[in-house]
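These notes concern the structure reproduced below.
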Amino acid sequence: MVSDEQLLRVRADRDVCIGAGMCVLTAGAVFDQDDDGVVAVLDETPEDIDAVRRAVANCPSGALSISTGTPAGA
Amino acid sequence: MTDTVMTEKSELPVHMRRAEFDPVPELAELRDGPAIARIHTVVGSQAWLVTRYADVREVLGDQQRFSHARFLERRPPGMADLSDEEIAQARAGNLLAQDPPDHTRLRRFLIPEFTVRRMKRLEPRIREVVDENLDAMEKEGPPADLVANFALPVPSLVICELLGVPYVDRAEFQARSNRMLDLSVPPKERTRIARESRAYMAKLVAKAQAEPGEDILGMLVREHGDDLTTDELIGIASLLLIAGHETTANMLGLGTLALLKHPDQLALVRDHPEAVEPAVEELLRWLSIVHSGIPRVTTTEVEIAGQKIGPGELVVLALPAANRDPALLPDPERLDVTRGEMGHMAFGHGIHHCLGAPLARMEMRIAFPALLQRFPTLRAAGTEPGFRSFNVIYGLTSLEVAW
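Protein chains in written order, with our numbering: chain U, 1 to 74; chain Y, 75 to 477.
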């Protein structure tokens with residue numbers, strides 16, 4: 001359970017990313033690819049967390065994760 | 075504890091045997107039973123066949139313990155007349171023959187060319203190519219061979235333009251791609267074709283080095299010419315050309331036949347734009363045209379499905395079994411285009427996940443509805459479709475259609 005004070009934060013490891021683009025297809029409001037084709041997180045605390053969970057599960061390289069943290073920054 | 079699935083050298087291993095669209099029932103029995111078995115690959119090597127979704131995903135996602143490079147280092151059986159230098163050349167630039175960090179380095183050069191945004195920019199041109207081929211087919215038929223007139227030429231022209239390969243040369247390189255993946259072609263003949271193919275690509279690379287164009291080859295020369303050897307350029311271009319042909323082409327051919335056999339689902343794809351994306355994913359899952367991809371070699375002792383496996387052993391992934399695992403989705407043997415999602419492994423998984431997947435998806439999302447809208451009464455006609463089994467990629471040799 002995530003308490004009200006906690007925030008789900010989307011993280012992407014740009015060294016692990018292989019630029020498959022699945023996250024962009026799954027949750028285009030949250031993920032993009034930069035000019036190098038590598039993942040860029042557009043929104044670290046998105047509302048549609050279900051789409052993000054699908055993107056995390058589908059990511060071929062395992063570059064994406066969701067962590068809990070406080071708004072102050074954990 | 076494992077069962078041994080016996081196969082003769084001349085016979086296909088169980089994960090490659092199919093009855094039309096479906097893997098043979100023995101494959102599901104293996105997956106839902108012992109889950110792992112000793113097999114002989116098509117070239118006669120002993121290997122472990124991994125079948126469950128979770129196990130296949132684990133192997134594909136772990137390049138530390140399951141190496142690509144160690145497999146491609148091996149001399150292909152029957153190819154004794156290839157020199158060591160030729161084997162080294164054939165590996166250079168071939169992303170499928172590399173582990174990190176070599177793989178990472180090559181892939182990073184290429185991913186900007188296959189981003190979702192780049193594919194969107196390509197979309198109008200893909201639509202044009204699709205429409206031009208449909209125009210030609212309409213003029214010529216009915217009847218027409220859907221494979222020769224639509225499924226193959228659409229992705230072929232697209233990859234040629236993208237890469238910088240003259241489409242006028244298609245007769246020769248299409249024939250070569252086809253023969254190189256055809257497992258019934260004797261090794262000597264495949265060696266000859268591989269040399270021919272390499273010589274052809276070497277000429278194109280030399281041309282791009284002299285005068286780089288606005289295509290992937292030109293980009294690689296312009297932006298990474300100092301980082302990439304000529305052998306690597308030849309290897310990258312050769313892999314992209316073959317991969318761009320044989321995959322989407324077979325999905326379009328086989329996928330159309332699958333829809334023709336499920337008319338209610340065909341009507342959904344034809345009449346409802348929002349049905350197209352899930353339909354493409356479900357067709358990818360259900361058809362799983364790549365039987366297994368590149369076998370892995372264990373780098374250490376591992377355990378898969380309760381089986382201990384020593385280092386240096388071959389591991390083959392049964393993608394059709396994994397994609398029809400009841401653990402992935404209920405009623406997995408049924409085609410249901412309304413439920414398609416991206417969790418399948420038709421494009422693989424892990425760091426070698428298909429580089430061209432965004433292009434393939436875009437091509438299919440455009441081509442299927444365009445074909446079905448152009449010919450609303452499309453039907454299989456005349457001779458039986460030719461299923462090709464003895465090939466690295468499953469598909470149709472021909473599909474005669476009328477409308």
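For each residue, glycine too, the CB sits at the ideal point set by N, CA and C.
Beta-carbon separation (whole angstroms), residue i vs residue j, contact threshold 8 Å
| i | j | result |
| --- | --- | --- |
| G309/Y | G430/Y | About 16 Å separates the two Cβ atoms, so there is no contact after all. |
| L470/Y | G327/Y | 4 Å |
| F140/Y | V389/Y | 6 Å |
| D146/Y | A171/Y | In the sequence under discussion, the amino acid at residue 146/Y is Leu, which differs from the Asp named in the question. The pair is a contact, with the Cβ atoms about 4 Å apart (cut-off 8 Å). |
| L342/Y | A349/Y | 4 Å |
| Q248/Y | L226/Y | 7 Å |
| R398/Y | P406/Y | 4 Å |
| R408/Y | H142/Y | Not a contact, Cβ separation roughly 33 Å. |
| R250/Y | E270/Y | 6 Å |
| V38/U | G19/U | 6 Å |
Residue i versus residue j - alpha carbon distance
| i | j | result |
| --- | --- | --- |
| I440/Y | D155/Y | 44 Å |
| Y241/Y | L315/Y | 11 Å |
| P394/Y | I200/Y | 29 Å |
| R453/Y | P443/Y | 15 Å |
| N465/Y | E263/Y | 15 Å |
| P229/Y | D256/Y | 19 Å |
| E434/Y | A420/Y | Here residue 434/Y turns out to be Ala, not Glu, going by the sequence shown. Looking at the two C-alpha atoms, the distance is approximately 11 Å. |
| E82/Y | A93/Y | No answer about E82/Y holds up, because its pLDDT of 39 lies below 50 and its placement is not dependable. |
| A476/Y | E437/Y | 23 Å |
| L291/Y | W360/Y | 34 Å |
| R11/U | S65/U | 5 Å |
| K382/Y | A109/Y | 13 Å |
| L123/Y | A162/Y | 28 Å |
| E297/Y | D289/Y | 12 Å |
| L333/Y | L446/Y | 10 Å |
| L169/Y | V411/Y | 32 Å |
| D136/Y | D15/U | 16 Å |
| N252/Y | M90/Y | 17 Å |
| L25/U | T457/Y | 39 Å |
| T321/Y | E44/U | 36 Å |
| V295/Y | L237/Y | 12 Å |
| Q283/Y | L302/Y | 11 Å |
| E85/Y | S463/Y | 11 Å |
| H177/Y | I363/Y | 24 Å |
| Y274/Y | S312/Y | 9 Å |
| C23/U | S157/Y | 43 Å |
| D13/U | M416/Y | 21 Å |
| P385/Y | H427/Y | 24 Å |
Boundaries (first-last residue) of the alpha helix (DSSP H) holding residue i
| i | result |
| --- | --- |
| T304/Y | T304 to E320 |
| D57/U | According to the sequence displayed, residue 57/U carries Ala and not Asp. A57/U -> alpha helix (DSSP H) spans I49 to N58. |
| D32/U | Element bounds for D32/U: not the alpha helix (DSSP H) but the beta strand (DSSP E), F31 to Q33. |
| A40/U | Unbroken run through A40/U is the beta strand (DSSP E), V39 to V41; no alpha helix (DSSP H). |
Continuous beta strand (DSSP E) stretch holding residue i: start and end
| i | result |
| --- | --- |
| A143/Y | Run containing A143/Y: none in the beta strand (DSSP E); it sits in the alpha helix (DSSP H), A143 to L146. |
| H114/Y | I110 to H114 |
| L7/U | L7 to A12 |
| Q120/Y | Q120 to V124 |
| F461/Y | G460 to R462 |
Query raised in the report: Which ranges would you report for the alpha helix (DSSP H) in the segment 224-295 of chain Y if only whole runs of at least 4 residues count?
Result: 227-237, 244-255 and 261-284
Query raised in the report: Unbroken alpha helix (DSSP H) runs of length 4 or more, entirely within the segment 413-441 of chain Y: which are they?
Result: none
Requested in this report: Could you name each continuous beta strand (DSSP E) segment of 3 residues or more that falls completely within the segment 325-394 of chain Y, going from the start of the chain to the end?
Outcome: 370-372, 376-378, 381-383 and 388-391
**Report entry** Any 3 or more C-beta pairs closer than 8 Å across the segment 49-56 of chain U and the segment 30-40 of chain U
**Finding:** yes
Query raised in the report: Per the contact definition of three or more C-beta pairs closer than 8 Å, is the segment 185-194 of chain Y in contact with the segment 32-42 of chain U?
Result: yes
Query raised in the report: In chain order, which alpha helix (DSSP H) runs of at least 4 residues are fully inside the segment 158-221 of chain Y?
Result: 158-165, 176-184 and 190-214
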